[in-house]
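Student: Dropping a structure here in structure tokens format, bear with me for questions.
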Amino acid sequence: GTNKTLKDEL
Amino acid sequence: MNIFRLLGDLSHLLAVIILLLKIWKTRSCAGISGRSQILFAAVYTARYLDLVTSYISAYNTVMKIVFLVASYGTLYLMFLKFKATYDHNHDTFRIEFLVLPCVILALLINHDFSALEILWTFSIYLESVAILPQLFMVSKTGEAESITSHYLFALGTYRGLYLFNWIYRYYAEDHYDLIAIIAGIVQTVLYCDFFYLYITKVLKGKKLQLPA
Chain P
373 GTNKTLKDEL
Chain S
25 MNIFRLLGDL SHLLAVIILL LKIWKTRSCA GISGRSQILF AAVYTARYLD LVTSYISAYN
85 TVMKIVFLVA SYGTLYLMFL KFKATYDHNH DTFRIEFLVL PCVILALLIN HDFSALEILW
145 TFSIYLESVA ILPQLFMVSK TGEAESITSH YLFALGTYRG LYLFNWIYRY YAEDHYDLIA
205 IIAGIVQTVL YCDFFYLYIT KVLKGKKLQL PA
């Protein structure tokens, strides 16, 4: 799995 | 966008609307922690700076603007318009004990050592504890008005639903963010005691009163 920042969230 | 995420956002939106309406309709911010509201304004400001750097969707942009406006609107009502009703004697939680550790933690544990990323990380850490002055105020006065309880319930539910969203995204999209997940767990756990009181008292029509 990736550990990407979920910047599409609020 | 999955159902948990959507319900989470709607719960968050409901919380800020309940708070604004409560203050506006009663012309009073009694029982509300101005310190928690200052922290929330700091959270939204630090996190939504990306409004000017990246476009994600109309939904994303509109919601961010709504949360920013509602947050500063709440501060305006509390500290200017209905200032006389602000219960500052009971709002005494030292916010520097929350802000400073969050600043340090954001500088140490982040995905990327850049200004925007550190501010985003800071906002995630700060949001997880921003409700503490409000919970402290409720415990100090020993009670909360029903409308304040509904606000707290909606606000606590929002991040709880985000946890389900993250579980869903982990399996469906192979996508996760440990910083957000751990902070989200901390945030939700802080509400547990309140959730218990809300379900056992407020939903049965009683006022939220802490045992003496």
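Each protein sequence line maps, in turn, to chains P and S. Read left to right, the first sequence gives residues 373 to 382 (this note's numbering). Read left to right, the second sequence gives residues 25 to 236 (this note's numbering). Each residue gets a CB set at the ideal place from its N, CA and C atoms; glycine is no exception. Since the model is a prediction, treat every value here as computed from it, not as a measurement.
1) Could you compute how far the alpha carbon of I41(S) sits from the alpha carbon of T98(S)?
2) Which of the three DSSP states is assigned to Y110(S) in this structure?
3) Would DSSP call N375(P) helix, strand or coil?
4) Against chain P, which members of the segment 30 to 57 of chain S pass a CB distance test of less than 9 Å?
5) When you compare each of K231(S), Y182(S), L214(S) to F28(S) by their alpha carbons, which one comes out closest?
6) Strictly under 8 Å for the Cβ-Cβ distance: is I80(S) near chain P by that measure?
7) Using the C-alpha atoms, what's the distance from E167(S) back to L234(S)?
8) Write down the C-beta distance between K231(S) and S163(S) rounded to the nearest angstrom, noting that I regard them as a contact closer than 8 Å.
9) So what does L232(S) bridge to, in DSSP terms?
10) Just reading off the alpha helix (DSSP H) that A84(S) is part of, what are its end residues?
11) Buried or exposed: where does K112(S) fall if 16 or more other Cβ atoms within 10 Å of its Cβ makes it buried?
12) For the alpha helix (DSSP H) holding L79(S), just list the boundary residues, first then last.
13) Is it right to say G229(S) is buried, meaning 16 or more other beta carbons lie within 10 angstroms of its own, or is it exposed?
14) Report the rounded CA-to-CA distance for D136(S) versus T109(S), giving the unit in angstroms.
15) Please report the straight-line C-alpha distance between F218(S) and L159(S), rounded to a whole angstrom.
16) Taking the Cβ atom as the reference point for each residue, do S173(S) and V213(S) lie within a distance shorter than 8 Å?
Tutor: So, to answer that:
1) Along the second sequence, read from residue 1 onward, the residue named residue 41(S) stands at position 17. Along the second sequence, read from residue 1 onward, the residue named residue 98(S) stands at position 74. Spanning the two alpha carbons is a distance of roughly 10 Å.
2) Here the question's residue 110(S) lines up with position 86 in the second sequence. In this structure, Y110(S) counts as coil in the three-state DSSP scheme.
3) Taking the first sequence and counting its residues from 1, the one referred to as residue 375(P) is at position 3. Unreliable placement is indicated for N375(P), whose pLDDT of 48 sits below 50; no coordinate value is reported for it.
4) For the segment 30 to 57 of chain S, the set of positions with a beta-carbon nearer than 9 Å to some beta-carbon of chain P reads G32, D33, H36 in chain order.
5) In the second sequence, residue 28(S) corresponds to position 4, counting from 1. With distances taken between Cα atoms, F28(S) lies closest to Y182(S).
6) Here residue 80(S) refers to the residue found at position 56 of the second sequence. So, interface residue.
7) Working through the second sequence from its first residue, we reach residue 234(S) at position 210. Working through the second sequence from its first residue, we reach residue 167(S) at position 143. Their Cα atoms are separated by approximately 6 Å.
8) Taking the first residue of the second sequence as 1, we reach residue 231(S) at position 207. Taking the first residue of the second sequence as 1, we reach residue 163(S) at position 139. That belief does not hold up - the Cβ atoms of K231(S) and S163(S) are roughly 15 Å apart, past 8 Å.
9) Within the second sequence, numbered from 1, the residue matching residue 232(S) stands at position 208. DSSP lists A168(S) as partners of L232(S).
10) Start at 1 with the first residue of the second sequence, and residue 84(S) comes out as number 60. The question names Ala, but residue 84(S) is Asn in the sequence shown. First-last of the alpha helix (DSSP H) with N84(S): 82 to 100.
11) Your numbering for residue 112(S) matches position 88 in the second sequence. Looking at the sequence itself, residue 112(S) is His, so the reference to Lys does not match. Exposed, because fewer than 16 other Cβ atoms sit within 10 Å of the Cβ of H112(S).
12) Taking the second sequence and counting its residues from 1, one reaches residue 79(S) at position 55. The sequence shown places Tyr at residue 79(S), rather than the Leu named in the question. For Y79(S), no alpha helix (DSSP H) segment is defined, and its DSSP state is neither H nor E.
13) Numbered from 1 along the second sequence, position 205 holds the residue referred to as residue 229(S). With fewer than 16 other Cβ atoms within 10 Å, it is exposed.
14) Indexing the second sequence from 1 puts residue 136(S) at position 112. Indexing the second sequence from 1 puts residue 109(S) at position 85. Spanning the two alpha carbons is a distance of roughly 43 Å.
15) As a position in the second sequence, residue 218(S) is number 194, starting the count at 1. As a position in the second sequence, residue 159(S) is number 135, starting the count at 1. The alpha-carbon atoms of F218(S) and L159(S) are separated by roughly 8 Å.
16) Here residue 173(S) refers to the residue found at position 149 of the second sequence. Here residue 213(S) refers to the residue found at position 189 of the second sequence. Their beta carbons are not under 8 Å apart, which means S173(S) does not touch V213(S) by this criterion.
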